[in-house]
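Notes for the one structure printed next.
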Amino acid sequence: MNVCGNDDSEFLAKVEKLKDIIPEKTYMFTKETVDELMSSLSVPSVEELCRLICFGFSLPSTMSPISRFAAGAVAIGISGALYIGFNIEFRGLPLNETVHAEQCAIANALMHKESYLTSIITCPTPCGHCRQFMRECRGALDLQIISVSKPEGKLILNRPLKEILPYSFGPEDLEISESLFDRNSVKFSLLDRILPDTEVFNRAISVAMEYFSLCYSPHSKSWSCVVTIWSKGEGEPLICSPGVYMENAAYNPSLSPLHCSLISLVRRKGSLSDIKSVIVFEGKDRNIT
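Going by my numbering, the sequence shown opens with residue 971, and the numbers climb by one from there.
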């Protein structure tokens, strides 16, 4: 598999050409767009295109006001679509609240209703936290991890997850047969409505109902969804960005529905200062909140 070329200048030129073709802050590429880009950029594989996208879009999108460290990821879905990820830190909050690039890419894919992932391209290599997070995905052990270096994008590894996370702990160790990207069968209904009967709140409820089946909480049975309502400014339309709980067998790498919702906000070109309301939808018999 040709993932990295030998000519750094050619690689950087293709990154710049890619940025000329695609608008900045583009966080998802359809299969049709992928095919067009591979042709126009003369790249030999989807993985090589992902390397270009990682440097052209993932790394520059990093939000790291604390560490000043950039990490990027591109997830390849079975549909052929590509999903961008980058690390997101929150000023004033501890670093354990950070969304890692691989988590961001996976959440991006899930919220686009992708069925499952075949590969993830990362820069640099994924940390242990992210390897454990990826372990929860459907078909995780065969998920191909391709990592490249900064700043030149040279190949570091190209291995299935089971080889870079050996003797791993996963959901089956807790006698769980479900995986992240499976759809849950939990029934969504509002028992006690406390939201005003307005267009935007009714829309938020509809969005929560649409995405609730993506919640993944087989360990704590605490199914939950967050809808963040935001706007780019006075007079601008209100937008609903959903997020779902993404649980992990190792517990700590779990991604909260709020973090997932903020990823949805960012990929729609919103910022934290644009937030008007945050609504939490969770089960009556939840074990955590």
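Glycine residues also receive a C-beta, built at the ideal position from the N, C-alpha and C atoms.
How many angstroms separate the CA atom of residue i from the CA atom of residue j?
| i | j | result |
| --- | --- | --- |
| Leu1063 | His1229 | 13 Å |
| Trp1200 | Ile1233 | 13 Å |
| Ser1119 | Asp1005 | 25 Å |
| Lys984 | Leu1011 | 7 Å |
| Ile1134 | Leu1165 | 47 Å |
| Ser1089 | Pro1136 | 18 Å |
| Leu1208 | Cys1093 | 34 Å |
| Lys987 | Thr1068 | 31 Å |
| Asp1334 | Arg1021 | Examination of residue 1334 is not possible in this model, given that the chain is present from 971 through 1259 alone. |
| Thr995 | Leu1111 | The sequence given here has Lys at residue 995, not Thr. Near 31 Å, if we compare the C-alpha coordinates of Leu1111 and Lys995. |
| Gly1055 | Gly1042 | 6 Å |
| Glu1148 | Ser1159 | 23 Å |
Quick check on this structure: which residue in the options has the alpha carbon closest to the alpha carbon of residue i?
| i | options | result |
| --- | --- | --- |
| Asp990 | Lys1001, Pro1014, Ile1023 and Glu1018 | Ile1023 |
| Phe1171 | Gln1102, Val1248 and Pro1130 | Val1248 |
| Glu1106 | Leu1007, Val1156 and Ser1187 | Ser1187 |
| Trp1193 | Val1177, Ser1226, Glu1002 and Phe999 | Ser1226 |
| Met1179 | Gly1098, Asn1154, Leu1065 and Ser1085 | Asn1154 |
| Arg1163 | Leu1144, Val1250 and Pro1035 | Val1250 |
| Phe1139 | Asp978, Pro1223, Ile1048 and Arg1038 | Pro1223 |
| Ile1146 | Lys1191, Val1044, Arg1256 and Leu1065 | Lys1191 |
Using 8 Å for Cβ pairs, my map puts residue i next to residue j. What's the rounded Cβ distance?
| i | j | result |
| --- | --- | --- |
| Ser1211 | Leu1235 | 4 Å |
| Arg1237 | Asn1078 | 6 Å |
| Leu1131 | Thr1095 | Not quite, the Cβ-Cβ distance comes to about 12 Å (not below 8 Å), so this is no contact. |
| Leu1150 | Met1216 | 6 Å |
Assuming residue i is part of the beta strand (DSSP E), what are its boundary residues?
| i | result |
| --- | --- |
| Lys1246 | Ile1245 to Glu1252 |
| Ser1089 | Leu1087 to Cys1093 |
| Asn1128 | Leu1125 to Pro1130 |
Where does the unbroken alpha helix (DSSP H) through residue i begin, and where does it stop?
| i | result |
| --- | --- |
| Thr1003 | Lys1001 to Leu1011 |
| Ser979 | Asp978 to Ile991 |
Using a Cβ-Cβ cutoff of less than 6 Å, which residues in the same chain neighbour residue i once the five nearest sequence positions on both sides are dropped?
| i | result |
| --- | --- |
| Ala1040 | Leu1029 and Thr1032 |
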